[in-house]
Amino acid sequence: MDKINNKSLLSILCEHGDDALAIDNPADGSVVGYIPVQSESEIDECIEKSRLAQKSWQKRTAKERSSLLYRWYELVMENQADLARLMTLEQGKPLPESVGEVAYGASFIQWFAEEGKRAYGMTIPGHTEDKRLMTIKQPVGVTAAITPWNFPIAMITRKAAPALAAGCSFIVKPANQTPLSAYAVVELARQAGIPEDVLQVVVHQSPETVGDLFTHHPTIRKLSFTGSTRVGRHLIAQSAETIKNTSMELGGNAPFIVFDDADIDQAVQGAMASKFRNAGQTCVCANRFYVHDEIYDQFVSQFIEAVKGLKVGNGLEAGVQIGPVIDSLAKERILEKVNLAVEQGATVATGGKALNGCFVEPTVLTGVQQSMSFIQEELFGPVAPIVRFNTDEELIQQANDTIYGLAAYFYSRDITRIWKIAESLEYGMVGINEGIISTELAPFGGVKQSGFGREGGQEGLEEYLETKYLCFGGIH
Ligand code: NAP
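See the structure below:
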């Protein structure tokens, strides 16, 4: 913490009361900072404050809201180095990745500062001579969000920026392992002039309690969740009682496919970026590789060489590419899956072992078959299982053989095949000769049990708007 320069950020991260939540550094187990937790009644008060604040926030012009968001964006970028350091301390990802996430998170604020001014309705030809019809867009209202630890800033700004731009107020419950980044980014919003009650953070020891409060509270009109499919399913069920508008960004099981006509060097580069970013802990990380028989040996040997060259360590050390996984439980789960794969007949081609602390060796598994049960699960770690395939038909069947439908990737240079495969993959996002696809400019989201709703792009604003139809009669 000694190297955090912005003193106002530092002070909010060190409040040390009896009920404070201690935040650990996954790289060495040390305590990074403390965050106060709220009681249930305090969270209730936050919801009431949010209700009142939303009324006046909605009345401001889109242009006024845009100016405040734009200032927030500038402050996030001005504090990029501090925010990144804080993120690496509480989350573990290598510092250059944290620097990248701060910019990525900020890009949503910038984008929605613009998009908020374009919440257009339309005029519709009337159905009788005396009628004039139109639609207007209005904010959904008080919005709550629950976000995960793997992108401690971007998963918040991807929701908060469009909500605020649309005229909603916003309360976020960040993951209990990474609330420091959440508090820091919200503190910068305050410094930008966004009213305190319009954008709030709540932290509580029990996520279930916050989930119950958010889903059952009639004041909250929308719940936006990013996290596991298991918790998302539960929140959808709980939201049924109040018929809440929900958006769900859930788990993934991304196939990464290399066809026989692919540029192998490019495919290896894309595979490394897609698989090992954030130590494999992203919802869009390649989770299983399918490599065509004809180029299997060449791709696999180049890929293994690249994986062997990865530097594992504390994310603050120069040159580190793979930081710790989030905690010891995550490490155990990853290693259990590797052991299960080996029991089922896979071979560890490189890695496969636990390292001291919360570190896992970057691992490649070969000889993997579609029938192995672990291939149906999200690995969420630096482990790459490789399946060999022969025909496009077999490949499509295997790639779609999952409950998930978030991201998929493939490498090919044949334009007919590219179109056919892109259209056949049952996923919300497809990377074609590209392993990194996220940007604020495009709609991010999944199909099947990866959820519904889109973040970013034009669609991102719509999630926080209602369409109201106005029918003007008696115009003779
Ligand atoms: P998680 O266990 O579902 O947790 C996500 C958030 O939900 C955390 O804030 C957590 O709080 C909270 N939570 C847990 N149980 C809850 C409950 N019963 N009621 C209400 N809230 C609850 O997921 P995770 O392991 O942190 O994150 C990894 C998952 O997120 C993966 O499946 C990944 O694919 C998915 N993800 C999806 C996207 C996307 O855009 N589709 C992006 C990133 C991650 P605590 O932290 O306090 O436990």
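Here the sequence shown stands for residues 14 to 489, where the numbers follow this note's numbering.
Glycine residues also receive a C-beta, built at the ideal position from the N, C-alpha and C atoms.
With a threshold of 6 Å on Cβ separation, who are the neighbours of Glu103 within its own chain once the five nearest residues in sequence on each side are excluded? Ile36, Val45, Thr191 and Leu193
Would you say the beta carbon of Phe457 comes nearer than 8 Å to a heavy atom of the ligand NAP? yes
Can a CB atom of chain D be found closer than 9 Å to the CB of Gln51? Looking at the structure shown, chain D is missing, and only one protein chain is on hand.
Would you say Val320 and Ala397 are within 9 Å of each other, going by their C-beta atoms? yes
With a 10 Å radius around its C-beta and 16 neighbouring C-beta atoms as the bar for buried, classify Trp124 as buried or exposed. buried
From Met147 to Leu81, what distance separates their C-alpha atoms? 30 Å
Heavy atom of the ligand NAP less than 8 Å from the Cβ of Leu263, yes or no? yes
CA-to-CA distance, Arg64 to Cys181, given in whole angstroms: 9 Å
Going by DSSP, what residue range makes up the alpha helix (DSSP H) through Gln251? Thr242 to Ser252
What whole-angstrom Cβ distance do Asp276 and Tyr424 have, given they're in contact under 8 Å? 7 Å
Any chance the CB of Trp162 is under 8 Å from a heavy atom of the ligand NAP? yes
How many whole angstroms separate the CB atoms of Gln279 and Gly154, which I take to be in contact at a CB cut-off of 8 Å? Their Cβ separation, rounded to whole angstroms, is 46 Å, which puts Gln279 and Gly154 out of contact at 8 Å.
Can you name the start and end residues of the beta strand (DSSP E) that Ala157 belongs to? Val155 to Ile159
Who are the near neighbours of Gln204 in its chain, counting only those whose CB is closer than 8 Å to its CB and skipping five residues on each side? Ser21 and Leu88
Suppose you measure from the CA of His230 to the CA of Phe457; what does that come to, to the nearest Å? 28 Å
Below 9 Å between beta carbons: does that hold for Gly265 and Glu114? no
Pick helix, strand or coil for Arg426, following the three-state DSSP scheme. coil
Going by DSSP, what residues sit across from Leu368 in a beta bridge? Phe372
Alpha carbon to alpha carbon, what distance is there between Val381 and Asp414? 15 Å
The ligand NAP and Met385: does any heavy atom of the ligand fall closer than 8 Å to the residue's C-beta? no
Per DSSP, Cys484 forms a beta bridge with which residues? Leu146
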